[in-house]
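J.: The structure is given below, and queries will be raised subsequently.
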Amino acid sequence: MVLGMDEWFFNFSQLGVRNLDEKALATVPNPQLEYTIHGFIKGCEITSILGGLIVHPIYRIYLHRTLKPENRTPNSSKVIRAACRKLQGRFLLAGMSMGPLLALTDLYFSNVPEMNLKQQCYEMRIDTNQMIIDRCAMVCGFVGWYWRRFQGAVDGINIGIAYGIACNTVLRKYTDPLLKDKIKPEQRLAHITEAEETKTALERFWFTQEKEAREAYQKANAQVEKES
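Residues 964 to 1191 in the numbering used here are what the sequence shown spells out, letter by letter.
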């Protein structure tokens, strides 16, 4: 990927896992963008819970109680339900915009060193319980969006969060989650500097090999010219 998000994508989606190993998992080329995406996901999750599970039922109860008997029709419940679902969709839209904005604001004012930010992003990648919830929320949210756009996406995200929590608590000893990590906890590097050091050592090795090959080529050419 042009934006340097290959490692993040392979880990989050578990697609193309043949390109993912413990060193790639600890490689964070674009921590600012990765942190912003994390803010987007959290914004979607928080506003889906807030809009779909808290505001929606409260607003529905309020509309039913304030509806005058003379204004009540056979379709009143349907109209109120549609209004509440539209409201929860607006909450999701707000979360999709506010999540990345808050993440960028946090980066701007906190002035976190890039190495520390990379380590923070790496720790988010290897937080197995949270990754299960995030993956389930995004997959189910996409299915919900395909079904009923943003209103359905809220329902899908909430279902995904509930399933992820169930996987982390009740279902863990009985089955595996839908998207299972290829890199086991015992295989993961403790710190991103281990991946950086490996990369630096490999670069030095290839540089040395290239230099030796170039010198050998120049010597061979000089020998040929001398003999001719």
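All C-beta atoms in this analysis are idealised placements derived from N, C-alpha and C, irrespective of residue type, glycine included.
Taking the alpha carbon of ILE1146 as the reference point, which residue from PHE975, ILE1096 and ASP984 has its own alpha carbon closest?
T.: The shortest Cα separation from ILE1146 among PHE975, ILE1096 and ASP984 belongs to ASP984.
J.: Answer yes if the segment 1057-1066 comes into contact with the segment 1002-1017, meaning at least three C-beta pairs across the two stretches below 8 Å, and no otherwise.
T.: Touching, per the Cβ criterion.
J.: Specify, as a first and last residue, the run of the alpha helix (DSSP H) that TYR1137 falls within.
T.: First-last for TYR1137: undefined, no H or E at that position.
J.: Would ALA989 and GLU1157 qualify as a contact pair, given that the criterion is a beta-carbon distance under 8 Å?
T.: In contact: ALA989 and GLU1157 (Cβ atoms closer than 8 Å).
J.: How big is the Cα-Cα spacing for ARG1035 and ASP1097?
T.: Roughly 41 Å separates the two Cα atoms.
J.: Mapping the DSSP letters down to three states, classify ASN993 as helix, strand or coil.
T.: The answer is coil: DSSP assigns ASN993 none of H, G, I, E or B.
J.: Tell me where the alpha helix (DSSP H) around PRO1020 begins and ends.
T.: Looking at the DSSP string, the run of the alpha helix (DSSP H) that includes PRO1020 is 1019-1029.
J.: Mind checking VAL1042: buried by the 16 CB within 10 Å criterion, or exposed?
T.: With fewer than 16 other Cβ atoms within 10 Å, it is exposed.
J.: In or out: PHE1113 buried (at least 16 other Cβ within 10 Å) or exposed?
T.: PHE1113 is buried by the Cβ-count criterion.
J.: Could you tell me if GLN1186 is buried or exposed, where buried requires 16 or more neighbouring beta carbons within 10 angstroms of its beta carbon?
T.: GLN1186 comes out exposed.
J.: Rank PRO994, THR999 and GLY1123 by C-alpha distance to the C-alpha of SER1060 and give the top, closest one.
T.: SER1060 has its Cα closest to that of THR999, out of PRO994, THR999 and GLY1123.
J.: So, helix, strand or coil for PHE1170, using DSSP?
T.: Low local confidence applies: a pLDDT of 49 at PHE1170 is under 50, so the model's placement there is unreliable, with the coordinate-based value given in what follows. PHE1170 falls in the helix class under three-state DSSP.
J.: From what residue to what residue does the alpha helix (DSSP H) around VAL1042 run?
T.: VAL1042 -> alpha helix (DSSP H) spans 1039-1073.
J.: Taking only the alpha-carbon atoms, compute the straight-line gap between PRO1020 and GLN995 and give it to the nearest angstrom.
T.: Approximately 37 Å, taken between the alpha carbons.
J.: Does the pairing of the segment 1048-1058 with the segment 1076-1093 give three or more beta-carbon distances under 8 Å?
T.: As far as the Cβ criterion goes, the segment 1048-1058 does not touch the segment 1076-1093, which means the pair count is below three.
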